[in-house]
Structure formats: C-alpha cells, structure tokens
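In the numbering used here, the protein residues as written are 8 to 76.
Worksheet for the structure shown next.
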C-alpha cells in the first residue's frame, strides 16, 4: 500500500521539476510528462493549503466564539 504524499514531498518534487525545466535538463520527450506532473502537484498543494486554512479558521472560530462547542 502506497502512503499518501505529503505537502512537503509534493512541493520538493515540484521545485525539482521547475529547476530541471529552467536549467534545460529535461529532454523534449519528457517535457510534456513533467509539465503534467507539475500541474498535478500544483493542484495537490493548493488543495492541501485550502484544507489546512479551513481547518485553522474553524479551530480559531471555536476559540474566539464561545457559543460554538
């Protein structure tokens, strides 16, 4: 069973892909796959950040609003 990728792992992989593309170390045959993977990683990171933001806001709302449990 494969473990779920963490935000840090996804971000590090994304940085590596961007660096490879910027330094022209990606073969033209790999470019499309790398860009697709980078797009997936961006989406994954964005969703993880949005979920975390919602969780933090929810937790803070419970601390500052005594009516909520």
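Note that beta-carbon positions come from the ideal geometry of N, C-alpha and C, so glycine has one too.
Values in this document were obtained by computation on a predicted structure and should not be read as measured data.
Just to confirm before moving on: does the CB-CB distance between residue i and residue j stay below 8 Å?
| i | j | result |
| --- | --- | --- |
| residue 25 | residue 46 | no |
| residue 41 | residue 33 | yes |
So, does the CB of residue i fall closer than 8 Å to a CB anywhere in chain C?
| i | result |
| --- | --- |
| residue 51 | The question asks about chain C, but that chain is absent: this structure has only one protein chain. |
Would you mind giving the Cβ-Cβ distance between residue i and residue j, rounded to the nearest angstrom? I have them listed as a contact below 8 Å.
| i | j | result |
| --- | --- | --- |
| residue 48 | residue 20 | 6 Å |
| residue 14 | residue 55 | 5 Å |
So, at 7 Å on beta carbons, what are the nonlocal neighbours of residue i in its own chain, with the 5 sequence-adjacent residues on each side left out?
| i | result |
| --- | --- |
| residue 18 | 52 |
Checklist entry - Hey, which unbroken runs of the beta strand (DSSP E) at 3 residues or more fall wholly within the segment 35-63? => result Counting only runs that start and end inside the segment 35-63, there is no beta strand (DSSP E) element of at least 3 residues.
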